[in-house]
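Some notes on the structure that comes next.
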Amino acid sequence: MTAIITDHLATGHNLPTKWLGARVVGWMWSICEGFDWWVCTITREGEYRYASSDGTLIDVPCNDQTEYARKVVRYLNQHCCHGGAWLAGWIGKRQFVLIWKDGDGDIKINNVCDVPWEQIREWDMEDWAEQAEQALSVYHEMHRKMGWSQSEQIKLAQGEKPRQRH
384 MTAIITDHLA TGHNLPTKWL GARVVGWMWS ICEGFDWWVC TITREGEYRY
434 ASSDGTLIDV PCNDQTEYAR KVVRYLNQHC CHGGAWLAGW IGKRQFVLIW
484 KDGDGDIKIN NVCDVPWEQI REWDMEDWAE QAEQALSVYH EMHRKMGWSQ
534 SEQIKLAQGE KPRQRH
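Take 384 as the starting number for the sequence shown in the working numbering and just add one per residue.
Rendered as C-alpha coordinates:
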(Lines of atoms letter the chains of each structure in order from A and count residues from 1; the text may use other names and numbers.)
(Lines give C-alpha, C1' and ligand atoms only; values in the text may rest on other atoms or scores of the structure.)
Protein backbone atom coordinates (compact mmCIF):
# COMPACT_ATOMS: atom_id res chain seq x y z
CA MET A 1 0.00 0.00 0.00
CA THR A 2 2.79 2.46 0.81
CA ALA A 3 4.38 1.89 -2.61
CA ILE A 4 1.13 2.78 -4.32
CA ILE A 5 0.79 6.00 -2.34
CA THR A 6 4.44 6.87 -2.97
CA ASP A 7 4.06 6.23 -6.70
CA HIS A 8 0.92 8.34 -6.85
CA LEU A 9 2.62 11.21 -5.05
CA ALA A 10 5.64 10.94 -7.35
CA THR A 11 3.58 11.41 -10.51
CA GLY A 12 0.63 13.30 -9.07
CA HIS A 13 -2.18 11.56 -10.94
CA ASN A 14 -3.99 8.30 -10.41
CA LEU A 15 -5.28 7.38 -13.88
CA PRO A 16 -4.88 3.73 -14.83
CA THR A 17 -2.46 3.24 -17.73
CA LYS A 18 -5.27 1.86 -19.91
CA TRP A 19 -7.27 5.09 -19.52
CA LEU A 20 -4.16 7.20 -19.94
CA GLY A 21 -3.54 5.80 -23.43
CA ALA A 22 -7.16 5.41 -24.54
CA ARG A 23 -8.12 7.32 -27.72
CA VAL A 24 -4.85 9.27 -27.90
CA VAL A 25 -3.81 7.99 -31.34
CA GLY A 26 -7.15 8.84 -32.98
CA TRP A 27 -7.18 12.25 -31.32
CA MET A 28 -3.67 13.07 -32.49
CA TRP A 29 -4.46 12.03 -36.07
CA SER A 30 -7.47 14.34 -35.98
CA ILE A 31 -5.37 17.40 -35.03
CA CYS A 32 -2.01 16.76 -36.71
CA GLU A 33 -3.14 17.59 -40.30
CA GLY A 34 -0.95 14.90 -41.85
CA PHE A 35 2.26 15.77 -39.99
CA ASP A 36 4.23 13.20 -38.03
CA TRP A 37 3.64 13.41 -34.29
CA TRP A 38 4.51 11.83 -30.98
CA VAL A 39 3.28 12.33 -27.43
CA CYS A 40 4.41 11.13 -24.05
CA THR A 41 2.93 10.85 -20.61
CA ILE A 42 3.91 9.35 -17.32
CA THR A 43 2.02 6.55 -15.61
CA ARG A 44 1.01 6.70 -11.98
CA GLU A 45 3.89 4.26 -11.39
CA GLY A 46 6.35 6.82 -12.80
CA GLU A 47 7.05 5.18 -16.20
CA TYR A 48 6.99 7.20 -19.41
CA ARG A 49 4.65 5.98 -22.17
CA TYR A 50 4.70 7.08 -25.80
CA ALA A 51 2.51 7.10 -28.88
CA SER A 52 3.46 8.23 -32.36
CA SER A 53 2.24 8.57 -35.92
CA ASP A 54 4.42 5.70 -37.12
CA GLY A 55 2.88 3.29 -34.63
CA THR A 56 6.14 1.47 -34.01
CA LEU A 57 7.70 3.82 -31.50
CA ILE A 58 8.94 1.97 -28.46
CA ASP A 59 11.09 4.79 -27.18
CA VAL A 60 11.74 8.24 -28.55
CA PRO A 61 15.15 9.39 -29.74
CA CYS A 62 16.89 11.31 -26.99
CA ASN A 63 17.11 14.96 -27.91
CA ASP A 64 16.32 18.34 -26.38
CA GLN A 65 12.70 18.45 -27.56
CA THR A 66 11.77 15.01 -26.28
CA GLU A 67 13.47 15.62 -22.96
CA TYR A 68 11.69 18.94 -22.65
CA ALA A 69 8.27 17.32 -23.29
CA ARG A 70 9.00 14.66 -20.67
CA LYS A 71 10.02 17.34 -18.17
CA VAL A 72 6.76 19.25 -18.83
CA VAL A 73 4.68 16.07 -18.41
CA ARG A 74 6.35 15.14 -15.13
CA TYR A 75 6.01 18.66 -13.72
CA LEU A 76 2.38 19.22 -14.72
CA ASN A 77 1.30 15.81 -13.45
CA GLN A 78 3.02 16.48 -10.13
CA HIS A 79 1.73 20.01 -9.66
CA CYS A 80 -1.49 20.59 -11.63
CA CYS A 81 -3.19 17.36 -12.63
CA HIS A 82 -6.48 18.25 -10.83
CA GLY A 83 -7.75 14.68 -10.87
CA GLY A 84 -6.70 14.09 -14.48
CA ALA A 85 -3.39 13.66 -16.29
CA TRP A 86 -1.29 15.59 -18.81
CA LEU A 87 0.32 14.40 -22.04
CA ALA A 88 2.78 16.44 -24.12
CA GLY A 89 4.65 16.07 -27.38
CA TRP A 90 5.26 17.44 -30.82
CA ILE A 91 3.44 17.70 -34.12
CA GLY A 92 6.24 17.71 -36.64
CA LYS A 93 9.17 19.52 -35.08
CA ARG A 94 7.47 22.90 -34.77
CA GLN A 95 4.27 22.55 -32.75
CA PHE A 96 4.28 21.62 -29.08
CA VAL A 97 1.05 19.93 -27.99
CA LEU A 98 -0.35 19.71 -24.47
CA ILE A 99 -3.32 17.45 -23.71
CA TRP A 100 -5.27 17.00 -20.48
CA LYS A 101 -7.36 13.92 -19.75
CA ASP A 102 -9.96 14.09 -17.00
CA GLY A 103 -10.27 11.57 -14.17
CA ASP A 104 -12.29 9.26 -16.43
CA GLY A 105 -9.48 9.24 -19.01
CA ASP A 106 -11.29 11.37 -21.59
CA ILE A 107 -9.45 14.11 -23.48
CA LYS A 108 -10.85 17.49 -22.43
CA ILE A 109 -8.10 20.00 -23.24
CA ASN A 110 -5.92 20.20 -26.31
CA ASN A 111 -3.47 23.08 -26.62
CA VAL A 112 -1.25 23.32 -29.71
CA CYS A 113 1.53 25.87 -29.33
CA ASP A 114 2.88 27.36 -32.57
CA VAL A 115 5.78 29.15 -30.91
CA PRO A 116 9.22 28.18 -32.30
CA TRP A 117 11.34 25.73 -30.29
CA GLU A 118 13.97 28.43 -29.78
CA GLN A 119 11.44 30.37 -27.70
CA ILE A 120 9.74 27.42 -26.02
CA ARG A 121 13.06 26.10 -24.70
CA GLU A 122 13.39 29.33 -22.69
CA TRP A 123 10.10 28.74 -20.83
CA ASP A 124 10.38 27.18 -17.41
CA MET A 125 7.97 24.71 -15.85
CA GLU A 126 6.10 27.44 -13.99
CA ASP A 127 5.22 28.98 -17.39
CA TRP A 128 3.65 25.66 -18.41
CA ALA A 129 1.90 25.33 -15.06
CA GLU A 130 0.36 28.76 -15.62
CA GLN A 131 -0.78 27.71 -19.12
CA ALA A 132 -2.24 24.48 -17.71
CA GLU A 133 -4.09 26.26 -14.90
CA GLN A 134 -5.56 28.80 -17.33
CA ALA A 135 -6.70 26.06 -19.69
CA LEU A 136 -8.28 24.12 -16.81
CA SER A 137 -10.01 27.28 -15.58
CA VAL A 138 -11.53 27.92 -19.02
CA TYR A 139 -12.60 24.27 -19.31
CA HIS A 140 -14.26 24.26 -15.87
CA GLU A 141 -16.02 27.57 -16.54
CA MET A 142 -17.38 26.26 -19.86
CA HIS A 143 -18.46 23.03 -18.16
CA ARG A 144 -20.24 25.02 -15.43
CA LYS A 145 -22.02 27.28 -17.95
CA MET A 146 -23.16 24.30 -20.01
CA GLY A 147 -24.70 22.77 -16.90
CA TRP A 148 -23.78 19.21 -17.82
CA SER A 149 -24.78 16.69 -15.21
CA GLN A 150 -22.62 13.66 -14.50
CA SER A 151 -25.25 11.42 -16.11
CA GLU A 152 -25.00 13.40 -19.38
CA GLN A 153 -21.28 12.80 -19.73
CA ILE A 154 -19.91 9.86 -21.70
CA LYS A 155 -16.79 8.02 -20.56
CA LEU A 156 -15.32 7.25 -23.98
CA ALA A 157 -11.91 6.18 -22.66
CA GLN A 158 -13.65 3.51 -20.61
CA GLY A 159 -15.53 2.20 -23.64
CA GLU A 160 -18.88 3.81 -22.95
CA LYS A 161 -20.86 4.43 -26.14
CA PRO A 162 -22.77 7.62 -26.99
CA ARG A 163 -26.44 7.36 -26.12
CA GLN A 164 -29.08 7.33 -28.81
CA ARG A 165 -31.18 10.49 -28.90
CA HIS A 166 -34.79 10.27 -29.96
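Every residue, glycine too, gets a C-beta built ideally from N, C-alpha and C.
Remember, it's a predicted structure, so these values are computed and weren't measured experimentally.
Using a 10 angstroms sphere on the CB of Lys-401, the tally of other CB atoms stays under 16, which defines it as exposed.
Runs of the beta strand (DSSP E) spanning 3 or more residues and lying entirely within the stretch 403 to 482 occur at 420 to 425, 431 to 435 and 468 to 474, in chain order. Apart from the 5 residues on each side of it in sequence, Val-407 sits with its Cβ closer than 6 Å to the Cβ of Ala-434 in its chain, given in chain order.
In the structure shown, Val-498 adopts coil according to DSSP, grouped into three states. Sequence-distant Cβ neighbours of Leu-519 in its own chain, meaning closer than 8 Å and more than five residues away, are Cys-463, His-465, Trp-483 and Ile-492.
Going by beta carbons, Val-422 and Leu-459 fall outside the 8 Å limit. For Asn-493, the pairing in a beta bridge is given by DSSP as Ile-482. For Asp-485, the closest of Gly-429, His-526, Val-455 and Gln-502 by C-alpha to C-alpha distance is His-526.
If you draw a 10 Å sphere on the C-beta of Gly-542, you find fewer than 16 other C-beta atoms in it, and that means exposed.
Non-local beta-carbon contacts of Asp-497 in its own chain, meaning distances under 7 Å to residues more than five positions away in sequence, involve Gln-478 in chain order. Distances from the CA of Asn-446 to each of Arg-504, Phe-418 and Leu-403 were compared; the closest alpha carbon is that of Arg-504. Non-local C-beta neighbours of Val-480 in its own chain, meaning closer than 6 Å and more than five positions away in sequence, comprise Gly-472, Ile-474 and Val-495, ordered along the chain.
For Trp-511, the enclosing alpha helix (DSSP H) has its first and last residue at 508 to 529. Excluding five sequence positions before and after Thr-424, the CB atoms of its chain that fall closer than 6 Å to its own CB belong to Leu-403, Arg-432, Val-456 and Leu-470, given in chain order.
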